[in-house]
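> So in my numbering, spot 126 of the sequence shown is number 140, and the numbers just go up one at a time.
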Amino acid sequence: MASSGVFLPCFALISLLFACSDAADYVVGGTEDAWKIPSSPGFPLTDWAKKQRFQIGDSLIFKYDGKVHSVLELTEGDYQNCTTSKPIKKFTDGNTKYELDRSGRFHFTGGTEEHCFNGQKLFVDVEPAAHYSENELSTVFAPAPGPSKADGLRVGFMGCVAVMMAALFGIVLV
Ligand SMILES: *[C@@H]1O[C@H](CO)[C@@H](O)[C@H](O)[C@H]1NC(C)=O
Numbered sequence: 015m016a017s018s019g020v021f022l023p024c025f026a027l028i029s030l031l032f033a034c035s036d037a038a039d040y041v042v043g044g045t046e047d048a049w050k051i052p053s054s055p056g057f058p059l060t061d062w063a064k065k066q067r068f069q070i071g072d073s074l075i076f077k078y079d080g081k082v083h084s085v086l087e088l089t090e091g092d093y094q095n096c097t098t099s100k101p102i103k104k105f106t107d108g109n110t111k112y113e114l115d116r117s118g119r120f121h122f123t124g125g126t127e128e129h130c131f132n133g134q135k136l137f138v139d140v141e142p143a144a145h146y147s148e149n150e151l152s153t154v155f156a157p158a159p160g161p162s163k164a165d166g167l168r169v170g171f172m173g174c175v176a177v178m179m180a181a182l183f184g185i186v187l188v
């Protein structure tokens with residue numbers, strides 16, 4: 015009996031820990047083989063991206079045939095012009111996980127100018143870090159002295175941590 019008394023709160027804690035890591039992975043285009051030259055004119059991948067709400071820490075997953083395709087991250091200017099000769103980053107592994115580690119816009123194209131000109135282009139906008147108000151924050155944490163801004167954390171995450179702390183105290187008190 016004693017062991018189940020410990021096991022249950024531990025299990026709850028571990029579940030909460032998992033719930034706290036709320037970074038999401040997005041398979042680009044929503045399907046496995048979307049990273050390719052689109053079959054019709056336009057930019058279906060960017061259209062897809064506009065419907066998502068990317069946040070810092072989320073990742074894009076590019077799935078593609080690494081023999082035919084690659085993923086280039088370009089500057090905005092190179093992206094506009096399809097200049098693929100000096101990418102910021104280049105990936106050829108066929109299953110590329112790209113972490114969106116800041117807010118703002120990221121630009122991707124296929125590995126060649128031809129692929130780019132044929133519409134294998136994607137840009138994504140990552141939302142600013144702080145999309146909660148100071149008031150919301152102060153309900154999660156008691157007023158902290160000084161200018162302590164928790165940029166980069168989400169209120170969901172903070173709330174989750176608060177619940178975890180509460181759970182921890184609950185266990186200690188029991
Ligand atoms: C893009 O092309 C235009 C027109 O050729 C040129 O003026 C501009 O400098 C280019 N931009 C970049 C970043 O290469």
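Where is the CB? At the ideal position from N, CA and C, for every residue including glycine.
Just so we're clear, the structure is a prediction, and the values are computed from it rather than from any experiment.
1) Less than 9 angstroms between the beta carbons of residue 63 and residue 137, yes or no?
2) Going by CA-CA distance only, name the one from 115, 49, 75 that's closest to residue 142.
3) I'd like to check one pair, residue 135 with residue 89: are the Cβ atoms closer than 9 angstroms?
4) Have a look at 53, 44, 70 and flag the residue whose alpha-carbon is nearest the alpha-carbon of residue 120.
5) At 3 residues or longer, and completely inside the region 92–139: list those beta strand (DSSP E) runs for me, N to C.
6) Taking the straight line between their C-alpha atoms, what separation do you get for residue 87 and residue 77?
7) Following the continuous beta strand (DSSP E) through residue 77, name the residue where it begins and the one where it ends.
8) Where do the N-terminal and C-terminal ends of the alpha helix (DSSP H) with residue 61 fall, by residue?
9) Take residue 108 as the anchor and find which of 42, 179, 36 has the nearest alpha-carbon.
According to the structure shown:
1) yes
2) For the set 115, 49, 75, the Cα lying nearest the Cα of residue 142 is the one of 115.
3) Not a contact, by the Cβ cut-off of 9 angstroms.
4) 70
5) 103–105, 109–113, 118–123
6) 15 angstroms
7) 73–77
8) 58–64 is the span of the alpha helix (DSSP H), which, as asked, contains residue 61.
9) 42
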